[in-house]
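Please read the structure below before turning to the comments.
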Amino acid sequence: MTRVLIAGFKHETNTFCRQPADMNAYRARALLLGDDVAKSMRNTRTEIAAFLDFCTTEGWEVRHPIHANAMPSGPVTQAMHEYVRDHILESLRTEGPFDALLLCLHGAMACEHTEDGEGELLAAIREQIGPDVPIAATLDLHANVTDRMAELADILVPYRTYPHIDQYEVATVAAGLIKRTLAGTIKPKTTVRRGAMLDGADHGRTTTQGPMTDVLASADRLLVRPDVLAAGVCAGFPWADTHDTGPTALIVGDGDTGEHGALADALVQEIWDKRHISTIQTLGIEEAMARVKQARPGNKPIVLADFADNPGGGGYGDGTRLLKGMLDANLANAAFGTIYDPGAAELCRDNGLGAIVHLDLGGRTDPAYGAPLSVRCTVKAVTNGQFRMEGPMTAGLQVDMGTTAVVTTDGIDVVVTSRRFQVYDQMFFRHARIDPLLKNVVAVKSAHHFRAAFQPIAAEVLVVDGGGGLTSRNYRELTYEKVRRPVYPLDLD
Ligand SMILES: [Zn+2]
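Numbering (the numbering used here), first residue to last: 66 to 558.
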């Protein structure tokens, strides 16, 4: 019987963020061991669910020692990295031997002790299982793929959509390649190439035709070659000061014909040639407020994205600049999701529904990104912050934001949470009985993922970059010391 180990260890590391990804950070999102991995992840639109389903269909025996995922933040602590690594190594030692490994990774994990978290993990695994047991790993579209990762894993398959709505599908592709490998019909080997860029392919956006959809189409054309099993493109995660930060092209070849490097280089060249093209326009806060006020009221909300403080890219999630702009603009019938402020959420809970409270809201982690807002508000709802995503992204996945309150101040319902989350599902509002469709304006802490759930209900989407946030696009405001130079846009052009 074929025996497969499934494990997940994800993190997108914003090395400029001062909050570490420690055990608490993983517990706040997902730290699942043994049977709980399958219990929690089955029937979700995720990689782990796809791996489990694939193995069930094939009749393969599986072990899943651990799945760990934390919100993007500062580096993963060494203790956390070793904790996950050791659970996997322990399973390999005591529950093996295994015929193959299916791993759910991100690809942009930096740690306290290494800037290549995935390479470090794969090296430890290879040391234990040797070179012959095939490893397939899925990656986020925003991975910063290192040469070491490509050397140590046989198969690397990144997402192809941003918003990431194809996690289940890419994991199925990766598992399918493992099946063919075990059948002896292919011998996969991954080749990676990167360009002299921090960021590329329009940051990977696939919601409109642009550099990313173009380069993916070029990658797909390579699949007519019998020696190309998969061709992927990662846009890179630019808020990471690591040597290999930046976009990459990945060719999973059948064996090494010596030509796969050139194929990947051509994809990288295409990303380079279109480095100036952006399919989104960001607005300053005042400009955005003026646009909102000019808009004619309709039966759909205007959706504002708080681009510069996106917890999904390592933003603190308690930046107050956009919320302050909305309050100053006296917007009526608006909702804001979310502000991370456990103290404020608890205070609201303790005072109870209907209470009038004075809050110094948000701005706690680094007031440079918007100081605490002194507001007088009414507690409109208190929840335990738990719900399941409705999708399209990661539908079915359980969320636990901890104690959560909705406060109303000057016509704006603000969702205040005890944990940091990117708002890419309507349930962040709906679980607290806020219907985004009934609002004139809905603001979300998200850069792009929100589009999966909110674009269909939006009269208009405005992407607001208030500047100064940890996920603002002005890379020149950050101090890069480790990234290879020269690199666009810091040096080139
Ligand atoms: Zn991503």
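Don't be surprised by glycine CBs; every beta carbon is placed ideally from N, CA and C. These numbers were taken from a predicted model, which means no experiment stands behind them.
Looking at C-alpha atoms only, which residue of T246, G99, A208 and D231 is the closest neighbour of I220?
-> Within the sequence shown, the letter at position 155 stands for residue 220. Here the closest residue by C-alpha is T246.
Per DSSP, F74 forms a beta bridge with which residues?
-> Here residue 74 refers to the residue found at position 9 of the sequence shown. Paired residues: A133 and L170.
Quick one, are the C-beta atoms of F302 and N209 less than 8 Å apart?
-> Position 237 of the sequence shown holds residue 302. Position 144 of the sequence shown holds residue 209. Cβ distance < 8 Å, so F302 and N209 count as in contact.
The stretch 367-385 touching the stretch 508-521, judged by at least three CB pairs closer than 8 Å | yes
Taking all protein chains shown into account, decide if V222 is buried (16 or more other Cβ within 10 angstroms of its Cβ) or exposed.
-> Your numbering for residue 222 matches position 157 in the sequence shown. Buried is the call here.
In this structure, does DSSP put R245 in helix, strand or coil?
-> What you label residue 245 is simply residue 180 of the sequence shown in a count that begins at 1. Three-state DSSP puts R245 in a helix.
What are the boundary residues of the beta strand (DSSP E) that includes D425?
-> The sequence position of residue 425 within the sequence shown is 360, counting from 1. Start and end: I421 to L426.
Going by alpha carbons, who is nearest to G450 out of L426, S439, G435 and G402?
-> As a first step, residue 450 must be located in the sequence shown, where it is residue number 385. For G450, the nearest C-alpha among the options comes from G402.
Compare the Cα-Cα distances from T142 to each of E126, M262, E123 and D181 and report the closest residue.
-> The sequence position of residue 142 within the sequence shown is 77, counting from 1. Closest option to T142, Cα to Cα, is D181.
Spatial neighbours of W125 within its chain, please: CB distance less than 6 Å, with the 5 preceding and 5 following residues excluded, ordered by chain position.
-> For the purposes of this step, residue 125 is taken as residue 60 along the sequence shown, with counting starting at 1. Around W125: T67 and V69.
Distance, G249 Cα to E352 Cα = Against the sequence shown, residue 352 aligns to sequence position 287. Against the sequence shown, residue 249 aligns to sequence position 184. So the alpha carbons of these two residues sit roughly 59 Å apart.
Are the stretch 309-317 and the stretch 325-335 touching by the rule of at least three beta carbon pairs closer than 8 Å?
-> yes
How close, in whole Å, do the beta carbons of V127 and I194 come, if the pair is a contact with beta carbons under 8 Å?
-> Reading the sequence shown from its first residue, position 62 is the one you call residue 127. Reading the sequence shown from its first residue, position 129 is the one you call residue 194. That pair is no contact at about 16 Å.
With 16 as the cutoff for other CB atoms within 10 Å, does D319 come out buried or exposed?
-> Sequence index remark: in the sequence shown, residue 319 carries index 254 (1-based). It is buried - the Cβ of D319 has at least 16 other Cβ atoms within 10 Å.
Return the CA-CA distance between T469 and Y553, expressed in angstroms with no decimal places.
-> Numbered from 1 along the sequence shown, position 404 holds the residue referred to as residue 469. Numbered from 1 along the sequence shown, position 488 holds the residue referred to as residue 553. Whole-angstrom Cα-Cα distance: 41 Å.
Flag D231 as yes when its Cβ comes closer than 7 Å to any non-hydrogen atom of ligand 1, and as no otherwise.
-> The residue you call residue 231 lines up with position 166 of the sequence shown. No; taking the cut-off as 7 Å, the Cβ of D231 has no heavy atom of ligand 1 nearer than that.
Local conformation of E126 per DSSP, three classes | For the purposes of this step, residue 126 is taken as the residue at position 61 of the sequence shown. Strand.
S483 versus I404 - alpha carbon distance | Translated into positions along the sequence shown, residue 483 becomes position 418. Translated into positions along the sequence shown, residue 404 becomes position 339. Each residue's alpha carbon lies about 9 Å from the other.
Which class does M458 belong to by DSSP, given the choice of helix, strand or coil?
-> Along the sequence shown, read from residue 1 onward, the residue named residue 458 stands at position 393. Three-state result, M458: coil.
Kindly indicate which three-state DSSP category P366 falls into: helix, strand or coil?
-> Taking the first residue of the sequence shown as 1, we reach residue 366 at position 301. Three-state result, P366: coil.
When DSSP labels each residue in this structure, what does E525 get in the three-state scheme?
-> Here residue 525 is taken as the residue at index 460 of the sequence shown, counted from 1. DSSP places E525 in strand when its eight states are reduced to three.
Any heavy atom of ligand 1 within a distance shorter than 7 Å of the CB on D490?
-> Along the sequence shown, read from residue 1 onward, the residue named residue 490 stands at position 425. No, the Cβ of D490 stays beyond 7 Å of every heavy atom of ligand 1.
Taking the beta strand (DSSP E) that R453 falls in, what are its first and last residues?
-> Within the sequence shown, the letter at position 388 stands for residue 453. That run of the beta strand (DSSP E) goes Q451 to R453.
Classify I153 as helix, strand or coil using the three-state DSSP reduction.
-> Here residue 153 is taken as the residue at index 88 of the sequence shown, counted from 1. I153 falls in the helix class under three-state DSSP.
Spatial neighbours of P551 within its chain, please: CB distance less than 8 Å, with the 5 preceding and 5 following residues excluded, ordered by chain position.
-> As a working mapping, residue 551 is identified with position 486 in the sequence shown. Correct list, in chain order: A261 and L557.
heavy atom of ligand 1 below 7 Å from L527 C-beta | In the sequence shown, counting from the first residue as 1, residue 527 sits at position 462. Outside the cutoff, so no.
Determine the extent of the beta strand (DSSP E) in which D415 is found, giving its start and end residues.
-> Here residue 415 is taken as the residue at index 350 of the sequence shown, counted from 1. D415 -> not in any beta strand (DSSP E); alpha helix (DSSP H) instead, spanning P407 to N416.
Quick one, which of E185, A218 and I230 has its alpha-carbon nearest L206's?
-> Along the sequence shown, read from residue 1 onward, the residue named residue 206 stands at position 141. Closest by alpha carbon: I230.
Within its chain, find whatever has a CB closer than 6 Å to the CB of R150; leave out the 5 residues flanking it on each side and keep chain order.
-> Taking the sequence shown and counting its residues from 1, one reaches residue 150 at position 85. Cβ neighbours of R150 beyond the five flanking positions: L186 and A189.
Chain-order list of residues whose beta-carbon lies under 8 Å from that of L348 (same chain, five-residue window excluded) = The count along the sequence shown starts at 1 and reaches residue 348 at position 283. Cβ within range, chain order: R356, L527, V528, V529 and D530.
Indicate the three-state DSSP secondary structure (helix, strand or coil) for F493 in the structure shown.
-> For the purposes of this step, residue 493 is identified with residue 428 of the sequence shown, where counting begins at 1. Helix at F493.
Examine ligand 1 and report whether any of its heavy atoms sits within less than 7 Å of the Cβ of H207.
-> On the sequence shown, position 142 is the one that residue 207 refers to. Checking every heavy atom of ligand 1 against the Cβ of H207, one is found closer than 7 Å.
Check whether A300 and H268 have beta carbons under 8 Å apart = As a first step, residue 300 must be located in the sequence shown, where it is residue number 235. As a first step, residue 268 must be located in the sequence shown, where it is residue number 203. Contact: yes.
When DSSP labels each residue in this structure, what does K358 get in the three-state scheme?
-> By 1-based counting over the sequence shown, the position of residue 358 is 293. Three-state result, K358: helix.
Flag this pair as yes or no: are the beta carbons of T80 and P162 separated by less than 8 Å?
-> If you number the sequence shown from 1, residue 80 lands on position 15. If you number the sequence shown from 1, residue 162 lands on position 97. No.
Measure from the alpha carbon of I345 to the alpha carbon of each residue in G417, T322 and Q274, then state which is nearest.
-> Residue mapping note: residue 345 aligns to position 280 of the sequence shown, counting from 1. Comparing Cα positions, the closest option is Q274.
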